[in-house]
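The structure under discussion appears below in the form of structure tokens.
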Amino acid sequence: MAAQDQQPIGSGFGGKTTASEVLVGIDLTGRNAIVTGGYSGIGLETVRALAAAGARVTVPARRVEVAEDTLAGVAGDIEIASMDLADLRSVDKFTREYDETKRGLDILINNAGIMACPEGRVGPGWERQFGTNHLGHMAMSLALAPSMQRADSARVVCLSSTGHVRSDVHWDDPHFNNTPYDKWDAYGQAKSANALFALGVDHRGRDVGVRAFSVHPGGIFTPLQRHLSEEEMVQLGWKAPDGSIPPQVQAMFKTPEQGASTSVWAATSPQLNGRGGVYCEDCDIAKLADENSQRWEHARPWICDDEKAERLWTMSEKMLADA
Numbered sequence: 000m001a002a003q004d005q006q007p008i009g010s011g012f013g014g015k016t017t018a019s020e021v022l023v024g025i026d027l028t029g030r031n032a033i034v035t036g037g038y039s040g041i042g043l044e045t046v047r048a049l050a051a052a053g054a055r056v057t058v059p060a061r062r063v064e065v066a067e068d069t070l071a072g073v074a075g076d077i078e079i080a081s082m083d084l085a086d087l088r089s090v091d092k093f094t095r096e097y098d099e100t101k102r103g104l105d106i107l108i109n110n111a112g113i114m115a116c117p118e119g120r121v122g123p124g125w126e127r128q129f130g131t132n133h134l135g136h137m138a139m140s141l142a143l144a145p146s147m148q149r150a151d152s153a154r155v156v157c158l159s160s161t162g163h164v165r166s167d168v169h170w171d172d173p174h175f176n177n178t179p180y181d182k183w184d185a186y187g188q189a190k191s192a193n194a195l196f197a198l199g200v201d202h203r204g205r206d207v208g209v210r211a212f213s214v215h216p217g218g219i220f221t222p223l224q225r226h227l228s229e230e231e232m233v234q235l236g237w238k239a240p241d242g243s244i245p246p247q248v249q250a251m252f253k254t255p256e257q258g259a260s261t262s263v264w265a266a267t268s269p270q271l272n273g274r275g276g277v278y279c280e281d282c283d284i285a286k287l288a289d290e291n292s293q294r295w296e297h298a299r300p301w302i303c304d305d306e307k308a309e310r311l312w313t314m315s316e317k318m319l320a321d322a
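Take the sequence shown: its letter number 92 is residue 91 in numbering that gives the first Met the number 0, and every next letter is one higher.
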């Protein structure tokens with residue numbers, strides 16, 4: 000039913016809404032949240048907004064000292080823990096220690112990610128973007144399931160992207176072992192996997208009070224672009240040859256606080272009570288793409304496919320078991 004559920008609900012918010020604006024009137028006191036990548040870009044703004052609304056926010060960080068420096072000036076109840084999504088031993092240590100606190104986990108935002116990086120391998124030889132963006136988050140999320148079930152209700156938010164338009168999962172060769180590596184195809188596959196994973200979580204969690212959503216945050220200049228040269232960003236149309244940002248791009252792109260809003264909305268909005276498994280953009284459920292959709296909008300059919308979500312789950316479980 001995933002495809003049929005891709006219908007905007009008229010949230011009243013939009014593409015330029017900020018994370019703090021979607022939290023007006025929402026009190027998160029007593030709620031626990033985890034935000035991966037919560038010390039950079041939109042992740043930092045996500046943490047700032049949730050903490051300001053009263054949540055206790057845990058930020059697992061690969062670079063703990065950097066996270067400590069960055070978050071030192073952010074108000075609220077924030078704790079930092081060591082974790083590297085590309086290292087399953089690190090993921091296991093973080094999740095075991097979190098489970099030992101016996102807290103409920105109300106909000107899990109799988110925000111961290113890498114984009115269009117040079118070919119690399121993590122874990123037992125997984126393609127770097129698929130391994131980090133999808134498999135690392137899946138391993139962490141599954142291990143945190145008992146904590147989420149201890150909450151009265153919980154939401155999982157997986158950061159996908161309009162990059163999913165580029166590629167479905169490469170079902171026969173997800174790690175580019177036999178296919179020439181293309182960094183954008185690999186990124187597109189990872190973002191499609193993030194959306195399908197959210198759908199799979201929702202299939203399994205809805206009967207125990209856990210709902211899941213995937214989101215496209217929008218175009219934002221953040222450290223996510225660190226693997227792109229200035230020349231590439233000019234070719235993409237994101238920058239002018241002199242390094243400036245063209246007015247039309249400025250009009251379309253968001254600030255980090257605006258980019259964090261859809262994640263925060265999906266994680267907290269009462270408008271989504273009783274819903275789940277959908278792909279969201281601009282603080283609303285996205286339309287299912289059709290022939291009139293632009294490349295930067297709407298949900299392509301392959302991320303709204305229940306059978307593909309189950310296929311990815313089975314394939315990924317085996318990869319994690321064999322790691």
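Cβ atoms here follow ideal geometry from the backbone N, Cα and C, with glycine treated the same way.
Here the structure is a predicted model, which means the values were calculated and not measured.
- Query: Is it true that the CB of glycine 208 sits closer than 8 Å to the CB of serine 152?
  - Reply: Here residue 152 corresponds to residue number 153 of the sequence shown, with the count starting at 1. Here residue 208 corresponds to residue number 209 of the sequence shown, with the count starting at 1. Yes, the pair counts as a contact, with Cβ atoms nearer than the cut-off.
- Item | glycine 204 vs arginine 210 beta-carbon contact at 8 Å | Along the sequence shown, one-based indexing puts residue 204 at 205. Along the sequence shown, one-based indexing puts residue 210 at 211. For glycine 204 and arginine 210, yes; Cβs fall inside 8 Å.
- Message: Please report the straight-line C-alpha distance between alanine 197 and phenylalanine 212, rounded to a whole angstrom.
- Response: Taking the sequence shown and counting its residues from 1, one reaches residue 197 at position 198. Taking the sequence shown and counting its residues from 1, one reaches residue 212 at position 213. Each residue's Cα considered, the two are about 6 Å apart.
- Assign aspartate 321 to one of two classes, buried (16 or more other C-beta atoms within 10 Å of its C-beta) or exposed (fewer than that). For the purposes of this step, residue 321 is taken as the residue at position 322 of the sequence shown. The C-beta of aspartate 321 has fewer than 16 other C-beta atoms within 10 Å across all chains shown, which makes the residue exposed.
- Task: Can you give me the start and stop residues for the beta strand (DSSP E) that threonine 261 sits inside?
- Result: The residue labelled residue 261 in the question sits at position 262 within the sequence shown. Looking at the DSSP string, threonine 261 is not in any beta strand (DSSP E); the run it does join, the alpha helix (DSSP H), is 260-267.
- Message: For isoleucine 33, which residues in the same chain have their Cβ closer than 6 Å to its Cβ, ignoring the five residues on either side in sequence?
- Response: Residue 33 sits at position 34 when you count from the first residue of the sequence shown. Around isoleucine 33: Thr57 and Leu107.
- Endpoints, alpha helix (DSSP H) assigned at proline 145: The count along the sequence shown starts at 1 and reaches residue 145 at position 146. Where proline 145 is concerned, the enclosing alpha helix (DSSP H) stretches over 144-149.
- What separation, rounded to the nearest whole angstrom, lies between the Cα atoms of glutamine 338 and leucine 87? Here the chain comprises residues numbered 0 to 322, so residue 338 is not present and cannot be evaluated.
- Message: Under DSSP, the beta strand (DSSP E) around alanine 80 begins and ends at which residues?
- Response: As a working note, residue 80 is residue 81 in the sequence shown. Counting along the chain, the beta strand (DSSP E) containing alanine 80 begins and ends at 76-81.
- Item | Straight-line gap, alanine 51 to alanine 74 (C-alpha atoms, nearest Å) | Along the sequence shown, read from residue 1 onward, the residue named residue 51 stands at position 52. Along the sequence shown, read from residue 1 onward, the residue named residue 74 stands at position 75. Roughly 7 Å between the two C-alpha positions.
- Item | CB contact flag (threonine 254, cysteine 279, <8 Å) | Mapped onto the sequence shown, residue 254 falls at position 255. Mapped onto the sequence shown, residue 279 falls at position 280. It is not a contact, given that the beta carbons lie outside the stated cut-off.
- Item | Length of the line joining the Cα atoms of lysine 190 and serine 159 | On the sequence shown, residue 190 is found 191 positions in, with the first residue counted as 1. On the sequence shown, residue 159 is found 160 positions in, with the first residue counted as 1. Each residue's Cα considered, the two are about 5 Å apart.
- Spatial neighbours of valine 21 in its chain, beta-carbon cut-off 7 Å, leaving aside the 5 residues before and after: By one-based count along the sequence shown, residue 21 stands at place 22. The beta carbon of valine 21 is closer than 7 Å to those of Phe12, Ser260, Val263, Trp264, Ser268 and Cys282 in its chain, skipping five residues each way along the sequence.
- Drop a sphere of 10 angstroms on the beta-carbon of aspartate 289, count the other beta-carbons inside from all chains shown, and report buried for 16 or more, exposed for fewer. Indexing the sequence shown from 1 puts residue 289 at position 290. Note on aspartate 289: under 16 other CB atoms within 10 angstroms of its CB, so exposed under the neighbour-count rule.
- Query: Does DSSP put alanine 2 in a helix, a strand or coil?
  - Reply: Counting from 1 along the sequence shown, the entry for residue 2 is found at position 3. Here alanine 2 sits in helix by DSSP.
- Three-state secondary structure assigned by DSSP to tryptophan 312: Reading the sequence shown from its first residue, position 313 is the one you call residue 312. Tryptophan 312 falls in the helix class under three-state DSSP.
- If I'm right that leucine 311 touches valine 168 with Cβ under 8 Å, what's the distance once you round it to whole angstroms? Mapped onto the sequence shown, residue 311 falls at position 312. Mapped onto the sequence shown, residue 168 falls at position 169. Between valine 168 and leucine 311 the Cβ distance is about 6 Å, and since that is below 8 Å, they are a contact.
- Message: Checking 8 Å against the spacing of the C-beta atoms, do arginine 127 and glycine 119 come in under that value?
- Response: Here the question's residue 127 lines up with position 128 in the sequence shown. Here the question's residue 119 lines up with position 120 in the sequence shown. Note that the C-beta distance between arginine 127 and glycine 119 is below 8 Å.
- glycine 122 beta carbon less than 8 Å from that of isoleucine 112: For the purposes of this step, residue 112 is identified with residue 113 of the sequence shown, where counting begins at 1. For the purposes of this step, residue 122 is identified with residue 123 of the sequence shown, where counting begins at 1. Note that residue 112 is glycine in the sequence shown, not isoleucine. No.
- Message: Please report the straight-line C-alpha distance between threonine 221 and glycine 40, rounded to a whole angstrom.
- Response: Within the sequence shown, the letter at position 222 stands for residue 221. Within the sequence shown, the letter at position 41 stands for residue 40. Confidence at threonine 221 is low in this model, with a pLDDT of 48, below 50, so its placement is unreliable and no value can be given for it.
- Task: With a cut-off of 8 Å on the beta carbons, I'd call asparagine 31 and glycine 103 a contact; round off their distance for me.
- Result: Within the sequence shown, numbered from 1, the residue matching residue 31 stands at position 32. Within the sequence shown, numbered from 1, the residue matching residue 103 stands at position 104. Yes, they are in contact, since the Cβ atoms of asparagine 31 and glycine 103 sit about 6 Å apart, within 8 Å.
- Message: Report the start-end ranges of each alpha helix (DSSP H) in the region 13-55 that is 4 residues or longer and not cut off at the edges.
- Response: List check, alpha helix (DSSP H) in window: 18-21 and 40-51.
- Message: Just verifying my parser: in three-state terms, what is the DSSP assignment at histidine 169?
- Response: Indexing the sequence shown from 1 puts residue 169 at position 170. In the three-state reduction of the DSSP assignment, histidine 169 falls in the coil class.
- Task: Taking alanine 80 as the reference, give the member of Arg61, Val200, Gly162 and Thr69 with the closest Cα.
- Result: The residue given as residue 80 occupies position 81 in the sequence shown. Distance from the Cα of alanine 80 is smallest, within the candidate group Arg61, Val200, Gly162 and Thr69, for Arg61.
- Task: State yes or no: is the C-beta of glutamate 256 within less than 8 Å of the C-beta of alanine 2?
- Result: To locate residue 256, count along the sequence shown from 1; it is residue 257. To locate residue 2, count along the sequence shown from 1; it is residue 3. It is not a contact, given that the beta carbons lie outside the stated cut-off.
- Cβ-based burial, aspartate 206 [other Cβ within 10 Å; buried from 16]: Translated into positions along the sequence shown, residue 206 becomes position 207. With fewer than 16 other Cβ atoms within 10 Å, it is exposed.
- Would you identify the three-state DSSP class for arginine 127, choosing helix, strand or coil? To locate residue 127, count along the sequence shown from 1; it is residue 128. Three-state DSSP puts arginine 127 in a helix.
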